[in-house]
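Written below as structure tokens is the structure these notes are about.
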């Protein structure tokens, strides 16, 4: 199948679900929200991980010691949306830093004062509109 001239120009990741076995400060200290609690995160991880695996498994921690080196992987430019009050914020930012250290092009959009999946809450339309606007800008740019 010939896909030319189709190309992957960029990726958009919104509120990545990456974690480590060692709990981050944001996971330990930020308040839970109706859209994400610590119990929910732990349940989602238990469903995603193979039996016996820890949260350091490469699928849930691609920036960790068990994962393939990010340097060797081909990635298009990425826009990563991070909610400031997200329990998994620190792991998301750690992933972004690992990508940058591997010479990958990463733009980070922080939605201040917002929690995980805030865009599902009808009371956060201003921040949701900002998120959508930045996604559109990224798409137009790439």
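Residue numbers (full-length UniProt numbering): 1 to 142.
Here a beta-carbon is modelled for each residue, glycine too, at the ideal position from N, C-alpha and C.
Bear in mind that the values here come from a model prediction, so they are computed numbers and not experimental data.
Minimum C-alpha distance to residue i - residue among the options
i: residue 35; options: 135, 83, 110 and 107; result: 83
i: residue 12; options: 101, 141 and 135; result: 135
i: residue 142; options: 106, 43 and 28; result: 106
i: residue 90; options: 39, 110, 103 and 127; result: 110
i: residue 127; options: 113, 139, 137 and 138; result: 113
i: residue 137; options: 108, 123 and 5; result: 108
i: residue 93; options: 20, 129, 123 and 133; result: 20
i: residue 67; options: 47, 95 and 2; result: 95
Supposed contact pair residue j and residue i - C-beta distance, whole angstroms, cut 8 Å
i: residue 60; j: residue 45; result: 6 Å
i: residue 104; j: residue 70; result: 7 Å
i: residue 81; j: residue 15; result: 6 Å
Check whether residue i and residue j have beta carbons under 9 Å apart
i: residue 41; j: residue 73; result: no
i: residue 78; j: residue 17; result: no
i: residue 98; j: residue 62; result: yes
i: residue 85; j: residue 49; result: no
i: residue 23; j: residue 76; result: no
Within-9 Å CB hit, residue i to chain B
i: residue 63; result: The structure shown contains no chain B, having only a single protein chain.
**Prompt:** Between the stretch 51–58 and the stretch 104–119, do at least 3 Cβ pairs fall closer than 8 Å?
**Reply:** Three or more Cβ pairs closer than 8 Å define a contact, and the stretch 51–58 falls short of that threshold against the stretch 104–119.
**Prompt:** Taking the runs of the alpha helix (DSSP H) that are 4 residues or longer, which of them lie wholly in the stretch 84–131?
**Reply:** When DSSP assignments are scanned along the stretch 84–131, the uninterrupted stretches of alpha helix (DSSP H) that are 4 or more residues long and fall wholly within it turn out to be 89–101.
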